[in-house]
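As structure tokens, the structure follows; a few thoughts come after it.
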Amino acid sequence: MASKNGSIREIKKLEKKQRIHEAAIRVMARNGYHGTTVSQIAKAARVADGTLYLYFENKDDLLVGIFDEIMDRFISEGLSVIDEMADPIEKLKRIVELHLKALGSDEDLACIFQIELRHNIHHMKRFSQSKLRQYFNIVERVIRDAQEQGHIRSEVNPWITAKLLFGAVDEMATNWVLRTRDYNLIDMAKPTLDIFLNGLCTNHEEPQSEASIEEGRQTLP
Numbered sequence: 001m002a003s004k005n006g007s008i009r010e011i012k013k014l015e016k017k018q019r020i021h022e023a024a025i026r027v028m029a030r031n032g033y034h035g036t037t038v039s040q041i042a043k044a045a046r047v048a049d050g051t052l053y054l055y056f057e058n059k060d061d062l063l064v065g066i067f068d069e070i071m072d073r074f075i076s077e078g079l080s081v082i083d084e085m086a087d088p089i090e091k092l093k094r095i096v097e098l099h100l101k102a103l104g105s106d107e108d109l110a111c112i113f114q115i116e117l118r119h120n121i122h123h124m125k126r127f128s129q130s131k132l133r134q135y136f137n138i139v140e141r142v143i144r145d146a147q148e149q150g151h152i153r154s155e156v157n158p159w160i161t162a163k164l165l166f167g168a169v170d171e172m173a174t175n176w177v178l179r180t181r182d183y184n185l186i187d188m189a190k191p192t193l194d195i196f197l198n199g200l201c202t203n204h205e206e207p208q209s210e211a212s213i214e215e216g217r218q219t220l221p
């Protein structure tokens with residue numbers, strides 16, 4: 001009985017934490033991070049201010065929790081794609097589609113991820129050193145597989161390529177949040193991937209020399 005009661009309490013705690021997360025996303029998307037108070041979030045989540053502090057130290061900690069939740073989803077979906085699909089190009093396509101679908105299906109969440117999370121340089125540094133790197137590692141792994149199978153040029157740097165792909169997808173999401181006309185974010189997956197995978201030029205340039213490739217590696221962040 002004690003074990004059962006403990007499980008019920010744990011479930012209720014998780015549900016309450018999730019409710020606080022969801023309330024924070026809605027309130028911050030409406031008021032902005034700096035225009036939102038802990039009391040407003042607590043009220044929207046239907047909890048006391050003191051209860052919120054049982055789960056999060058402060059508003060910054062709550063924002064980081066939202067970021068981690070989003071990235072956990074991206075990472076989990078990315079790992080599933082790697083396990084379930086064989087063709088690395090199809091893997092890249094699916095990762096991009098899932099990324100845009102997740103944000104395009106929840107405008108408030110997209111606003112937090114694309115706009116509010118980026119106001120503070122401290123936040124950005126903290127995020128870049130954590131789960132964002134894990135996400136890049138997944139994309140880099142797929143790109144390496146594509147290189148080994150001859151789908152992507154072997155001389156391009158897979159880490160830079162992973163960051164460039166994320167940057168392109170990220171910009172599409174930001175443009176969608178700031179849009180002046182209505183359209184589906186997921187529709188941006190195909191043209192983004194077409195340019196990324198097929199390039200801009202009608203003819204292929206000579207590949208870089210080994211010296212140029214090594215010089216590029218030495219400048220990596």
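Quick note, the sequence shown lines up with residues 1 to 221 if you use full-length UniProt numbering. From the three backbone atoms N, C-alpha and C, an ideal C-beta is built for every residue, glycine too.
Just measuring C-alpha positions, the residue of Glu69, Pro158, Val81 sitting nearest Val96 is Val81.
In the three-state scheme derived from DSSP, where H, G and I count as helix and E and B as strand, Cys201 is classed as coil.
Short of 8 Å from the beta carbon of Val47, and not among the five residues preceding or following it, lie these beta carbons of its own chain, in chain order: Lys16, Arg19, Ile20. Rounded to the nearest whole angstrom, the CA to CA distance from Ala29 to Thr161 is 31 Å. Cβ-Cβ separation between Ile112 and Ile25: approximately 5 Å, consistent with a contact (criterion under 8 Å). Between the beta-carbon of Val64 and that of Ile41 there is about 14 Å, and that puts the pair past the 8 Å contact cut.
Distances from the CA of Asp106 to each of Gln149, Asn184, Ile75 were compared; the closest alpha carbon is that of Asn184.
Under the 8 Å Cβ criterion, the segment 157-175 counts as touching the segment 129-142, having at least three qualifying pairs. Of the residues assessed, Leu200 falls on the exposed side of the cut-off, its CB having fewer than 16 other CB atoms within 10 angstroms.
If the five residues before and after Ala189 are omitted, its C-beta is found closer than 6 Å to the C-beta atoms of Val96, Glu97, Leu100, all from its own chain and listed in chain order. Excluding the 5 residues flanking it on each side, Ala173 has same chain C-beta neighbours closer than 7 Å at Leu100, Leu103, Ala110, Gln114, Leu185, in chain order.
Out of Pro158, Ile75, Arg153, the CA that lies nearest to the CA of Tyr135 is found in Ile75.
With contact defined as three or more Cβ pairs closer than 8 Å, the segment 141-152 and the segment 116-126 are not in contact. Taking the C-beta atoms as reference points, Tyr33 is found nearer than 8 Å to Glu116. Straight across, the Cα-Cα distance linking Arg153 with Leu193 is about 16 Å. Residue environment for Gly78: buried (at least 16 other C-beta atoms within 10 angstroms of its C-beta).
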